[in-house]
Amino acid sequence: MTLPAARLVVLALATIAISACVSETVRSVDMTPPQQATDSVPEGLLLDVGVGVFAANVPDDYDVQIEQNISPEIRRAEGNFIAYTLKNMLQSTGNWGAVRVVPRPTNAVDVLVGGTILNSDGARLQLEVTVMDASGSEWFKRKYESLSSKYAYDPSVPRDIDPFQSIYKQISDDMQAYRANFTEADVTRIRTIAEMVFARDFAPDAFASYVDSNKKGQITIKRLPAPDDPMLARIQKVREREYVFVDTLDEYFAEYQRTMYPPYQGWRQASYEEAISYRQLQAQARARAIAGTVALIGGIAAQASDNSTTQTAGTLGIIAGAMTIKSAFAKRAEAKIHSEVLQELGASAEADISPHSIELENETVRLTGTVDAQYSELRRILRRIYYQELGLALPEALPEIVTETATPTPAEPASVEPVAGS
């Protein structure tokens, strides 16, 4: 056998041997608490946080969904689940004021957290998270990844310890590290901007001149209304009403998570082994395909030799290469089975939102539709009440100020129904 052909055969055998080995990463359950502020922060200096529902990031192409093992139903459900889990983590630190899950970006909070699900199964969670404050300043935009342990699904692990606890803790720690650099003046400025931008959102004619924004979307205060300004007092009442509704929604997200947890945890536990096997089989298939190709090339090269022994080795190399490539196809077929199992496991995890009733100005209204649609309808009602209180005609169109820190789900039509007896 010629030296080059011999090297090719050795390389093929080495690659096949490597592909047969499966490495296993040792993982543990992270139960360490997130960082907390070292000094007690006065309540007036605590920033309120809104955690937006995470974008599901589901490809439109069905074949791509299958290839990436994405179940649209479970991804949409995860958008709510992840947001509420992160909200609980931030709230547990005591580093922030009110922490709420919001169905879309809103000017009612001081800090807004938005995110996109990049990958999610029982073995790995990947998120892209953006954090901005009311001034339009981006704190950071980062990608996070966490690998779960099979022990994370053991019944002995407390329910409030998520298999991907480390990813939520890291986001919380990063936010606290950024917040630690603020002075009291910085916090006061952010809170004031949040209030003024909210006012501008509801009454642009009255409050647009109080703030200014540049091409980058960063907002500054030009002037402030008097502390006893009656229009500002009404805006503050409107803001409190919005908080009431968002807190009502928080009960929905809590119930949603409680209802979703058993089947979702079951799906993650079942898909843990499936996801790992799927990735290992894909890697093995690629390695074997490469090894088979190398063996084929070596065999063909050996066939050109005048030496009968080399020719025989070449024939054996061709056969070995063909068999290896065949095994690669078999591995891909096996991986496809695991992929299909992942799709089946994630077929049922979404619940419908029930209508919410809320008291507004001695009137009980029932909001129906999706969470996002109900939130939009509430804001329209609050605008109407605000202008009625001032005795002004409601403008035909009032544009909403929407930031780009989260991708809201397209709203479905919402309706408002009077509640019987109200």
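Heads up: the sequence shown runs through residues 1 to 422, numbered per this note's numbering.
Yeah, the Cβ is synthetic: ideal placement off N, Cα and C, and Gly gets one too.
| query | result |
| --- | --- |
| I need the boundaries of the alpha helix (DSSP H) containing Val187, first residue and last residue. | Glu184 to Phe202 |
| So, helix, strand or coil for Ile161, using DSSP? | coil |
| Do the stretch 254-263 and the stretch 377-392 meet, that is, are 3 or more Cβ pairs less than 8 Å apart? | no |
| Looking at C-alpha atoms only, which residue of Tyr84, Trp139 and Thr85 is the closest neighbour of Trp181? | The question names Trp, but residue 181 is Asn in the sequence shown. That would be Trp139, whose Cα lies nearest to the Cα of Asn181. |
| Measure the CB-CB distance between Leu125 and Ile70 and report whether it falls below 8 Å. | no |
| According to DSSP, Ser120 sits in a beta bridge with which residue or residues? | Leu125 |
| In terms of DSSP beta bridges, what is Lys215 paired with? | Note: Lys215 sits in no beta bridge, so no partner. |
| From Arg142, Glu195, Pro262 and Pro59, pick the residue whose C-alpha is nearest to that of Arg239; which is it? | Glu195 |
| Would you mind reading off the limits of the beta strand (DSSP E) that contains Gly50? | Val49 to Gly52 |
| Taking the C-alpha atoms as reference points, what is the distance between Asp133 and Ala270? | 39 Å |
| By a C-beta neighbour count over all protein chains shown, 10 Å radius and 16 as the cutoff for buried, is Ala351 buried or exposed? | Residue placement at Ala351 is poorly supported in this model, since its pLDDT is 41, which falls under 50; the coordinates still yield a value, given next. Looking at its Cβ environment, which holds fewer than 16 other Cβ atoms inside 10 Å, Ala351 is exposed. |
| Closest to Val371 by CA distance: which of Gln265, Glu78 and Asp250 is it? | Asp250 |
| DSSP puts Met132 in a beta bridge; with which residues? | Leu112 and Glu138 |
| What residue range does the alpha helix (DSSP H) around Val41 cover? | Counting along the chain, Val41 falls outside any alpha helix (DSSP H), and DSSP gives it neither H nor E. |
| Nearest-angstrom Cα distance between Pro163 and Pro155? | 12 Å |
| Excluding sequence positions up to five away, which residues of its chain have a Cβ less than 8 Å from the Cβ of Leu47? | Trp96, Gly97, Asp110, Val111, Asp133, Arg179, Val187, Ile190 and Arg191 |
| In chain order, what residues of the same chain lie with their CB nearer than 7 Å to the CB of Tyr375, ignoring the 5 residues before and after it? | Pro103 and Arg104 |
| I need the boundaries of the alpha helix (DSSP H) containing Thr64, first residue and last residue. | A small correction: the amino acid at residue 64 is Val; Thr does not occupy that position in the sequence shown. Start and end: Tyr62 to Glu67. |
| Are Val131 and Tyr144 touching if we call contact CB-CB under 8 Å? | no |
| For Ser209, count neighbouring C-beta atoms within 10 Å of its own C-beta (all shown protein chains included) and say buried if the count is 16 or more, exposed if not. | exposed |
| Starting from the Cα of Gly79, find the closest Cα among Gly52, Val246, Ile161 and Tyr62 and give me that residue. | Gly52 |
| Identify, in the order they occur along the chain, each residue of the same chain with its Cβ nearer than 8 Å to the Cβ of Ser137, setting aside the five sequence neighbours on each side. | Gln218 |
| Mind checking who Ser146 pairs with in its DSSP beta bridge? | Leu125 |
| Below 6 Å CB to CB, which residues in the same chain sit around Glu400 once its five sequence neighbours on both sides are set aside? | Bear in mind that the predicted position of Glu400 carries a pLDDT of just 46, short of 50, making it too unreliable to give a figure here. |
| Note the first and the last residue of the continuous beta strand (DSSP E) segment covering Arg100. | Val99 to Val102 |
| For the alpha helix (DSSP H) that contains Leu86, what are its first and last residues? | Pro72 to Thr93 |
| With the cut-off set at 8 Å, would you say Val246 and Arg380 are in Cβ contact? | no |
| Which value, in whole angstroms, describes the spacing of the CA atoms of Arg234 and Lys215? | 30 Å |
| Under a three-way DSSP split, which group does Leu224 fall into? | coil |
| How many angstroms separate the CA atom of Ser172 from the CA atom of Val58? | 26 Å |
| Nearest CA to the CA of Glu184: which residue from Glu43, Thr32 and Pro33? | Glu43 |
| I need the DSSP call for Met231, collapsed to helix, strand or coil. | helix |
| Kindly give me the distance between the Cβ atoms of Gln176 and Thr93, rounded to whole angstroms, as I take these residues to be in contact under 8 Å. | 7 Å |
| Are the Cβ atoms of Asp229 and Thr220 separated by less than 8 Å? | no |
| In whole angstroms, give me the CA-to-CA distance for Arg76 and Leu86. | 16 Å |
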